[in-house]
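A.B. asks: Residue numbers (my numbering): 108 to 627.
Backbone N, C-alpha and C define an ideal beta-carbon position, used for all residues, glycine too.
Below is one structure. I have some questions about it.
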């Protein structure tokens with residue numbers, strides 16, 4: 108079943124102040140689309156600033172794939188209002204274009220229509236585009252324009268001081284990192300609850316399958332969507348944003364040293380498959396290198412340990428320097444029921460679940476058990492709402508009804524919710540528990556069931572486009588609340604100046620820059 112967390116929950120109830128000061132940040136990806144639902148072919152709008160250096164608005168893989176980044180925040184409502192302000196501003200600057208409200212892409216005629224994100228002429232800007240060229244040549248461009256929500260989360264120092272007996276973050280960095288890895292292992296074991304509740308990509312546009320082989324038994328809607336009747340998140344399936352070749356890397360989450368060693372080994376291990384692509388052809392770069400990972404960001408994972416990097420520092424070097432600062436949850440589909448792709452109920456659930464993951468015992472996992480947890484995720488991703496669905500417990504053949512495991516988890520989450528609500532003086536976390544636990548008795552309440560119902564409804568047409576237009580109108584009519592037009596204009600201009608400074612200060616040619624990176 109689930110671990111016995113009763114002692115840890117009693118400890119939390121005795122130390123309610125320990126969870127005061129949780130910090131969060133959100134990254135939201137969304138495609139720019141035309142009024143007819145096709146992928147926008149325009150470049151990143153200049154009025155949105157320089158994608159390379161803007162603090163809040165950038166691009167991900169493609170010129171048409173926007174990414175919005177909030178500052179770190181201690182208040183969920185303030186965090187989401189800031190994110191909404193970014194959306195309001197962007198809606199005003201997009202002209203007749205819209206923001207796509209689903210994780211899986213809109214209609215894409217041909218992969219070559221997808222232009223890689225451009226970041227100017229600086230070495231770092233060219234490096235970012237070349238990295239994306241490598242992704243395109245390795246995995247295809249379609250996979251890379253799938254959108255998601257990333258939730259960055261950290262527990263306050265007071266939590267670790269009370270729980271681990273440390274005095275400060277620097278001297279306690281090893282203990283804090285070990286505790287975050289415990290959280291991560293529990294996330295791998297039980298994080299399937301996230302696509303079960305919030306997965307919102309049970310269907311894909313048929314254009315996404317063009318030329319791709321699949322054995323999945325797709326059914327079809329009137330409008331030509333391909334869907335699986337009990338699927339929750341095709342985004343997280345092997346069709347979506349995953350990389351099967353990485354499942355054999357043997358990277359584990361037991362301690363910082365072995366994790367970083369595994370990541371660095373993957374970056375330094377040559378790949379026959381990618382060597383066949385080559386690094387350069389006819390004078391044009393095709394990828395950064397021919398190793399299993401070009402850089403660390405290429406490691407696809409449903410959760411990542413993170414630390415803010417210093418200039419010129421790699422993510423793993425930052426972790427080795429000062430330990431884990433926060434974790435990045437990467438399993439959330441874009442919420443199609445929200446104009447900003449995510450809502451407060453989801454944020455509060457993630458708080459509850461991640462605190463639970465930090466409290467529950469989590470035996471070390473070898474790479475075989477890590478692969479074993481993937482079976483549960485896949486079962487939920489492809490057939491999570493299937494009547495009688497079960498979840499594997501450990502790596503043996505023991506299975507329990509998904510509904511039973513989910514309800515047992517929520518019994519614990521409710522106790523965490525009471526502690527958080529006692530600190531906030533309201534019932535918001537407990538209300539989220541009441542709202543979401545019902546999805547185990549009635550899977551039709553889950554996001555995937557709700558969106559699939561709307562997609563299959565007679566005359567629904569292009570639901571993504573209808574929602575995109577609906578949210579565009581809502582956002583256009585709403586005033587800014589936290590950001591102001593002046594602040595946004597100042598950040599836009601400052602971002603262009605920062606890009607110009609980077610371009611002016613380059614001392615090496617791009618070839619010398621790449622050689623220096625490879626040598627480092």
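According to DSSP, is residue 361 part of a helix, a strand, or is it coil?
C.D. replies: In the structure shown, residue 361 sits in coil (DSSP, three-state: anything other than H, G, I, E or B).
A.B. asks: Throw me the rounded Cβ distance for the residue 260 and residue 461 pair, which I believe falls under 8 Å.
C.D. replies: Between residue 461 and residue 260 the Cβ distance is about 5 Å, and since that is below 8 Å, they are a contact.
A.B. asks: Going by CA-CA distance only, name the one from 163, 581, 344, 397 that's closest to residue 383.
C.D. replies: Checked all of 163, 581, 344, 397; the closest Cα to residue 383 is 397.
A.B. asks: Should residue 270 go down as buried or exposed, given a rule of 16 or more other Cβ atoms within 10 Å for buried?
C.D. replies: So residue 270 ends up on the buried side.
A.B. asks: Measuring alpha carbon to alpha carbon, tell me which of 501, 548, 160 ends up nearest residue 226.
C.D. replies: Minimum Cα distance to residue 226 is reached at 160.
A.B. asks: Would you call the segment 496 to 511 in contact with the segment 311 to 325, where contact means no fewer than 3 C-beta pairs closer than 8 Å?
C.D. replies: Short answer: they don't touch.
A.B. asks: Let's see if you can read the secondary structure: which residues bound the alpha helix (DSSP H) around residue 188?
C.D. replies: From DSSP, the alpha helix (DSSP H) with residue 188 extends over 183 to 200.
A.B. asks: Would you check if there are 3 or more beta carbon pairs closer than 8 Å linking the segment 119 to 129 to the segment 155 to 169?
C.D. replies: Counting Cβ pairs under 8 Å, fewer than three are found: no touch.
A.B. asks: Between residue 457 and residue 256, is the Cβ-Cβ spacing less than 7 Å?
C.D. replies: Going by C-beta atoms, residue 457 is not nearer than 7 Å to residue 256.
A.B. asks: Curious, which full-length beta strand (DSSP E) runs of at least 3 residues does the segment 452 to 495 contain?
C.D. replies: Counting whole runs of 3 or more residues, the segment 452 to 495 contains no beta strand (DSSP E) stretch at all.
A.B. asks: Under 6 Å Cβ to Cβ from residue 265, same chain only, skipping five residues before and after it: list those, please.
C.D. replies: Cβ neighbours of residue 265 beyond the five flanking positions: 125.
A.B. asks: Assuming residue 589 contacts residue 175 under a Cβ cut-off of 8 Å, what Cβ separation, rounded to an integer in Å, is found between them?
C.D. replies: With 8 Å as the limit, residue 589 and residue 175 do not qualify as a contact, their Cβ atoms being about 14 Å apart.
A.B. asks: Between which residues of its own chain and residue 291 is the CB-CB distance below 6 Å, once the five residues before and five after are set aside?
C.D. replies: Cβ within range, chain order: 360, 410.
A.B. asks: Tell me the DSSP secondary structure of residue 151 in three-state form.
C.D. replies: Residue state, collapsed to three classes: coil.
A.B. asks: So what does DSSP say about residue 134, is it helix, strand or coil?
C.D. replies: Three-state result, residue 134: strand.
A.B. asks: Please classify residue 415: does DSSP put it in a helix, a strand, or coil?
C.D. replies: Residue 415 falls in the coil class under three-state DSSP.
A.B. asks: Thinking just about the alpha-carbon of each residue, which of 205, 109, 414 is nearest to the one in residue 145?
C.D. replies: That would be 205, whose Cα lies nearest to the Cα of residue 145.
A.B. asks: Once DSSP output is grouped into helix, strand and coil, what is the label at residue 449?
C.D. replies: Residue 449 falls in the coil class under three-state DSSP.
A.B. asks: State the start and end residues of the unbroken beta strand (DSSP E) segment that holds residue 333.
C.D. replies: Element bounds for residue 333: 332 to 334.
A.B. asks: Going by Cα to Cα distance, which pick from 140, 184, 186 is closest to residue 203?
C.D. replies: Minimum Cα distance to residue 203 is reached at 140.
A.B. asks: Does the segment 316 to 323 touch the segment 427 to 442, meaning 3 or more C-beta pairs lie closer than 8 Å?
C.D. replies: In short, these stretches do not touch, since the Cβ pair count stays below three.
A.B. asks: Residue range of the alpha helix (DSSP H) that residue 561 falls in?
C.D. replies: Counting along the chain, the alpha helix (DSSP H) containing residue 561 begins and ends at 554 to 563.
A.B. asks: Restricting to Cα atoms, I'd like to know which of 557, 130, 492 is closest to residue 185.
C.D. replies: Among 557, 130, 492, the Cα nearest to that of residue 185 belongs to 130.
A.B. asks: Run through the DSSP bridge pairs and tell me what residue 312 is partnered with.
C.D. replies: Answer by DSSP bridge pairing, in chain order: 332.
A.B. asks: Among 233, 258, 222, which residue has its Cα nearest to the Cα of residue 247?
C.D. replies: Minimum Cα distance to residue 247 is reached at 222.
A.B. asks: Which value, in whole angstroms, describes the spacing of the CA atoms of residue 504 and residue 297?
C.D. replies: So the two alpha carbons sit approximately 17 Å from each other.
A.B. asks: At which residues does the beta strand (DSSP E) containing residue 551 begin and terminate?
C.D. replies: First-last for residue 551: undefined, no H or E at that position.
A.B. asks: Just to confirm, is the Cβ distance from residue 522 to residue 540 under 7 Å?
C.D. replies: Going by C-beta atoms, residue 522 is not nearer than 7 Å to residue 540.
A.B. asks: What is the DSSP secondary structure of residue 162, counted as helix, strand or coil?
C.D. replies: DSSP places residue 162 in coil when its eight states are reduced to three.
A.B. asks: Please determine if the segment 385 to 394 and the segment 237 to 245 are in contact, where contact requires at least 3 C-beta pairs separated by less than 8 Å.
C.D. replies: Yes: at least three Cβ pairs fall under 8 Å.
A.B. asks: Is residue 230 buried or exposed, if buried means 16 or more other CB atoms sit within 10 Å of its CB?
C.D. replies: When all chains shown are included, residue 230 counts as buried.
A.B. asks: According to DSSP, is residue 206 part of a helix, a strand, or is it coil?
C.D. replies: Here residue 206 sits in strand by DSSP.
A.B. asks: Pick from 465, 615, 555, 510: whose alpha carbon is nearest that of residue 286?
C.D. replies: Closest option to residue 286, Cα to Cα, is 465.
A.B. asks: How big is the Cα-Cα spacing for residue 417 and residue 595?
C.D. replies: Distance between the alpha carbons of residue 417 and residue 595: 25 Å.
A.B. asks: Kindly list the residues whose CB is nearer than 6 Å to the CB of residue 165, restricted to its own chain and excluding five residues on each side of it in sequence; keep chain order.
C.D. replies: Around residue 165: 158, 174.
A.B. asks: May I ask you to report which of helix, strand or coil DSSP gives residue 420?
C.D. replies: Here residue 420 sits in coil by DSSP.
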